[in-house]
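Below: one structure, written as C-alpha cells.
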C-alpha cells in the first residue's frame, strides 16, 4: 500500500514532473506511518513497527520526489498517454472519494447533504466544522460580480469596463487615503475602456433593449466622471456607494445584451414552472431572541438563465405563499435552511397530483450552452469543470435534495455561510452536486444571525415575474 505510488517513480524521474504522484495521499500515508510507528514503540510491538516504519520511509521518498520535481519543465504540444490519463483520472476520483467521505462523516453531525440537507435529520451542534475548508471556487466572491459574469453574453468591451470597477474593492483594502491613488487608476482604466469600446458595446445590445442599454451607458459615463471628482476631492467614504451604482449600470447594460432565452429546456421539463431569465425576491424574516436585530429583509436574485427549472420551481412556490410563516429549520453556522413543510411530507405536495413535486439536479458549466440534468459533475466525469454559478459567495442559495437521489429536490432550500480559498474549485464538494440558483445580494451578512425558530414572514417577488412560464400557482388559485 505504501509503496504503490512508487510504481511510477521512474516516470517521475524521466519526465522530471511529479504531477503523476498523489500528493495528498503521499502526505497522508507518511503521517499514518509515523503515527503507528510511534505507537509501536510505546507498545514494543515489532510487527507494527516494521511495517509502518518501512511505510513511513517509502512515503518519505514520495515526498522527496514531490519536492524535487514539483515544477515540471515546459512541454510543447505533448499529449499525455492513455496510461497517464487513467492515472490522473484515478487520482481525481480518489480525491473526490476522500472529499465525499469527509462530507459524509460531517453529515452525521448535521452538515449539508444528510438526507435532504435537512433539519429533520440534522443536529443543531455542528461537528467537524473544518470540512468547510474543502469548499472553494473562483476568487470572485461578490454576489453581484458572480451574477454579472454568469450572464450568457460574450462582449469583451463591456467586460473591460466592468473589471477595473470591480477592482476598486481591492483598492479600498489599502489603508487611509492612499487607497484613492489606486482607485483613480481603476477609474481612468474603466473610463478609457468605455470610450474605446462604446461602439462595440452598443452593437452588442439586443435590439428590443437597445434604447434602455444606451440610456444606462450614458449614466455610466457620467457616473465615471463623478467618481473621478470624488477621488480628486479625496472623499474616500463616497467611493464605495458610487462604485456600487456604476456596477449596477454595467450589470443592466449586460442584461440588455441578452436577447431572449438562450437555449431549449429538455422536453421532459418543459411543462414545469420555468424562470426564463432572472427575478428578484425579498425575504422578510422575524428574528427571535436577538436584541440587536428584530427583523431583516434579504434581497435575493434568482438566476433562471443558469437554472430555469430550479428557479421556476422556487418562484412558483413563492407565489403560492408556500414559505410565508415557515420557520428557519436549520442554522448551524454552515448553512441556513428552510422549506420542510409540516407533516410527513418533506417537500411540496402538488394539489393537482397529490404527490410531491420534484425537480432534477440542474448544473450549468462554463463553456456549455445549456445545463446538465440529473447527474452530478463527478458522475459525468467532469472533474475539472467550473460551474457557472458556484458556491462562492456568502449567501449562495441552492436546492436541497436527498443524498442519493439527484432528482429529489422539491421545496427545501439552503444558503451557504462558509467558504474557503484553501483548495481549488475543482475540489469543491458542493459545486456540481447541488443546484445553485441564486445569491443573497443585500443584507447577506445577517444570515449568520438567523437561528432555528426564526420565522419567514413573507417572500415577495420584486421583479422578474414576467419571466416565469408555466406558473402552476395561477392554475391552483
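In my numbering, the protein residues as written are 1168 to 1644. Yeah, the Cβ is synthetic: ideal placement off N, Cα and C, and Gly gets one too.
Straight-line CA distance for residue i to residue j?
i            : j            : result
residue 1330 : residue 1535 : 23 Å
residue 1200 : residue 1596 : 27 Å
residue 1593 : residue 1505 : Residue confidence is low: residue 1593 scores 43 on pLDDT, short of 50, so the model does not pin down where it sits. No coordinate-derived value is stated.
residue 1342 : residue 1531 : 39 Å
residue 1485 : residue 1231 : 57 Å
residue 1659 : residue 1194 : Residue 1659 lies beyond the range of the chain shown here (1168 to 1644); nothing can be said about it.
residue 1288 : residue 1494 : Residue placement at residue 1288 cannot be trusted, given a pLDDT of 39 that sits under 50; the coordinates are not used to answer.
residue 1589 : residue 1503 : Residue placement at residue 1589 is poorly supported in this model, since its pLDDT is 38, which falls under 50; the coordinates still yield a value, given next. About 23 Å.
residue 1446 : residue 1635 : 9 Å
residue 1227 : residue 1211 : 23 Å
residue 1263 : residue 1546 : Annotation note: pLDDT 48 at residue 1263 (below 50); position unreliable, no value reported.
residue 1488 : residue 1437 : 23 Å
residue 1562 : residue 1213 : 53 Å
residue 1471 : residue 1205 : 56 Å
residue 1346 : residue 1339 : 5 Å
residue 1310 : residue 1406 : 19 Å
residue 1197 : residue 1572 : 37 Å
residue 1456 : residue 1565 : 27 Å
residue 1473 : residue 1538 : 7 Å
residue 1482 : residue 1577 : 12 Å
residue 1551 : residue 1318 : 21 Å
residue 1366 : residue 1408 : 28 Å
residue 1544 : residue 1479 : 22 Å
residue 1519 : residue 1612 : 39 Å
residue 1208 : residue 1216 : 7 Å
residue 1469 : residue 1401 : 37 Å
residue 1403 : residue 1384 : 25 Å
residue 1625 : residue 1449 : 8 Å
residue 1585 : residue 1569 : 21 Å
residue 1553 : residue 1533 : 6 Å
residue 1540 : residue 1507 : 23 Å
residue 1574 : residue 1528 : 5 Å
residue 1313 : residue 1376 : 22 Å
residue 1222 : residue 1607 : 49 Å
With which residues is residue i paired in a DSSP beta bridge?
i            : result
residue 1581 : 1504 and 1565
residue 1450 : 1465 and 1626
residue 1576 : 1526
residue 1209 : Answer is none; residue 1209 lacks a bridge partner.
residue 1609 : 1466
residue 1539 : 1530
Is the beta carbon of residue i sitting closer than 9 Å to the one on residue j?
i            : j            : result
residue 1350 : residue 1398 : yes
residue 1610 : residue 1466 : yes
residue 1336 : residue 1395 : no
residue 1414 : residue 1315 : yes
residue 1464 : residue 1617 : no
residue 1371 : residue 1320 : yes
residue 1549 : residue 1582 : no
residue 1334 : residue 1353 : yes
residue 1639 : residue 1491 : no
**Request:** Determine contact between the segment 1495-1504 and the segment 1610-1626, defined as no fewer than three beta-carbon pairs at a distance below 8 Å.
**Result:** Yes, the segment 1495-1504 is in contact with the segment 1610-1626.
**Asked** Below 8 Å, can you find three or more Cβ-Cβ pairs linking the segment 1511-1518 to the segment 1450-1463?
**Response** no
**Request:** Could you tell me whether the segment 1358-1366 touches the segment 1318-1333, where touching means 3 or more Cβ pairs closer than 8 Å?
**Result:** yes
**Request:** Check whether the segment 1596-1611 touches the segment 1414-1421, taking contact to mean three or more Cβ pairs, one atom from each stretch, closer than 8 Å.
**Result:** no
**Item:** the segment 1434-1450 in contact with the segment 1624-1643 per 3-pair CB rule at 8 Å
**Value:** yes
**Request:** Could you pull out every unbroken beta strand (DSSP E) segment of at least 3 residues lying fully inside the segment 1459-1531, listed in chain order?
**Result:** 1462-1470 and 1502-1505
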